[in-house]
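What follows is a short report on a single structure.
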DNA sequence: CGCGTTGTGTACTGATCGGTTCAAAACTTG
DNA sequence: CAAGTTTTGAACCGATCAGTACACAACGCG
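Protein chains in written order, with UniProt numbering: chain S, 1 to 198; chain Y, 1 to 198.
Below, the structure is given as structure tokens:
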């Protein structure tokens, strides 16, 4: 045993996550990460072995917390399934517009990373693919419940509708990054809900 | 007059566009651009004044050709509006899966750039915003025609439905980059069409 | 207090970044 | 062919990149 760290590893991870989220992986330099976390280079490289490793851990943390908060909404068995999906859309919009009141939305780190590096980085892709599966499973289960209960259309299979909802969420996020305001996103959400309703 | 260029400027622009498309702006080095275009650094900097300028011109070229090909489909007055939007989805999917048969989709340069740099680069944002307006206008006009003809739902305003279709396209592109196959995208498209159908 | 261990700051590494300089090559025009 | 203009390749620029070396500071434990 010897000298203890003078920083909280999870706080540092959060700060790094934020930096990657705002600028993307490539555009975030190790210097940026030092400033964002408040750590020196040594501490960063001592704790996380490389920029890539730090990114992977930050991304994993992001998808875990983000997906957990979404599952919480989707698995709330007390409400009708369609209402849960509506609440999910609402949550997405809150994220897009509260986290960064001044200026434009920074979107979703998961979507951003899918676009920036999923195709060229197998390790990152694995993190994203696993998370995508979890989210699709939860969406599918919700859709199935809605179909049984009769508030979601039953003429299309649950996996398809899950993928549809997921794609709409992605589209809303890209739209927000492209400058769409909240009412624009609200319109997209209610239209998508219209495709599920019955 | 003096020594003429030994390369075709548009071909070079296409090659650069391709490079940016595959790797993104930040991850594409000037060296990459030399290899992709087959030009030396001097020729590139003599023709295009900077990496940023080259990117802007490549992106402009991309959105112009891409949007033109989409307008062609949307403005084909001989077909019902809903069918035109279905054909547009079909075109998107063709792009996603033919341009890169082996390996994963590289998505859409417009979406990729919106995600990577629209928020931090005003000049790039202007190019994207102008193109977005053009595409939304064409979608809105198509939706209005469909509403008049009675094949598209009339209980939501055209701008909203245009934004919805645009978001779905973005979502399909992100899904493709995340590994979705053609049948998955087809399911998303038909579900979206279901939301428009009267 | 002092030994052993670990974290931290500073300085440094070679490589690569975007971009420039410049002389020679290549072409048009007279 | 010669004068004048432009393109081209190669060498070069300072800055920054991700990552490392190392001395020293700070702590736990005996």
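All residues carry an ideal CB built from backbone N, CA and C; glycine is no exception.
- Here the C-alpha atom of residue 143 (chain Y) lies approximately 7 Å from the C-alpha atom of residue 81 (chain Y).
- Of the candidates Y:94, Y:194, Y:125, Y:115, the residue whose Cα lies closest to the Cα of residue 153 (chain Y) is Y:194.
- A distance of 8 Å or more separates the beta carbons of residue 93 (chain S) and residue 167 (chain Y).
- CA-CA distance, residue 79 (chain S) to residue 145 (chain S), rounds to 11 Å.
- Residue-level contact by beta carbon fails for residue 83 (chain Y) and chain S, as no gap is shorter than 8 Å.
- For residue 3 (chain S), the closest alpha carbon among the candidates S:25, S:36, S:43, S:155 is that of S:43.
- Following the DSSP letters along the chain, one finds residue 98 (chain S) inside the alpha helix (DSSP H) bounded by residues 81-98.
- The CB of residue 163 (chain Y) comes closer than 8 Å to the CB of 175, 180, 184, 187, 188 in chain S, given here in chain order.
- Close to chain Y, meaning a Cβ-Cβ distance shorter than 8 Å, are the following residues of the segment 93-107 of chain S: 103, 104, 105, 106, 107.
- Excluding the 5 residues flanking it on each side, residue 135 (chain S) has same chain C-beta neighbours closer than 7 Å at 67, 70, 166, in chain order.
- From the beta-carbon of residue 170 (chain Y), the residues of chain S found nearer than 7 Å are 170, 171, 174, 175.
- For the UniProt domain "HTH tetR-type" (6-66) of chain Y, the residues whose beta carbon sits under 8 Å from a beta carbon of chain S are, in order, 23, 24, 26, 27.
- For residue 142 (chain S), the nearest beta carbon of chain Y is not closer than 8 Å to its own beta carbon.
- Using a Cβ-Cβ cut-off of 9 Å, residue 156 (chain Y) is close to 187, 190, 191, 194 of chain S, given in chain order.
- Nearest neighbour of residue 9 (chain Y) by Cα position, chosen from Y:26, Y:58, Y:27, turns out to be Y:58.
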